[in-house]
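K.L.:
Here it is, the structure in full.
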Amino acid sequence: MKLRAAAANEKKNSPAPLGNVAIVKQSEDPFRDFQDSMIEMIKAKNIKSDRELVNLLNCYLSLNAPKLHPTIIDAFAKVCPH
Numbered sequence: 001m002k003l004r005a006a007a008a009n010e011k012k013n014s015p016a017p018l019g020n021v022a023i024v025k026q027s028e029d030p031f032r033d034f035q036d037s038m039i040e041m042i043k044a045k046n047i048k049s050d051r052e053l054v055n056l057l058n059c060y061l062s063l064n065a066p067k068l069h070p071t072i073i074d075a076f077a078k079v080c081p082h
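For the sequence shown, full-length UniProt numbering assigns the number 1 to the initial residue and increments by one for each residue that follows.
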């Protein structure tokens, strides 16, 4: 999958976006929560470029447990289908 390769390549050099706060949350629907959060971040930060989107994805991956990575990638693919 292209998203996994792009994320792996960018992850080493991608700091978390400044001014953001990570919160711990229990979720009944992690896919939906990640999807909603990503949409909110894209709008709030006016993210448009592919590089910014990959940086956002890497931020989610770096802040969450590996067992959630497939869900995060699926939510990201739904939000950013290109």
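The beta-carbon is built from N, C-alpha and C at its ideal position, and this holds for glycine as well.
Which of helix, strand or coil does DSSP assign to GLN35?
P.N.:
Looking at GLN35 - three-state DSSP - the assignment turns out to be helix.
K.L.:
Would you mind working out which of LEU56, GLN26, ILE23 sits nearest ILE42, comparing C-alpha positions?
P.N.:
When each option's Cα is compared against that of ILE42, the closest is LEU56.
K.L.:
For the stretch 42-78, list the alpha helix (DSSP H) runs that are entirely contained and at least 4 residues long, ordered along the chain.
P.N.:
With a minimum length of 4 residues, the continuous alpha helix (DSSP H) runs that stay inside the stretch 42-78 are 50-63.
K.L.:
Helix, strand or coil: which one does DSSP assign to PRO81?
P.N.:
Three-state DSSP puts PRO81 in coil, outside helix and strand.
K.L.:
State the Cα-Cα distance for the pair ILE39 and VAL79, rounded to the nearest angstrom.
P.N.:
Going by the C-alpha atoms only, they are around 7 Å apart.
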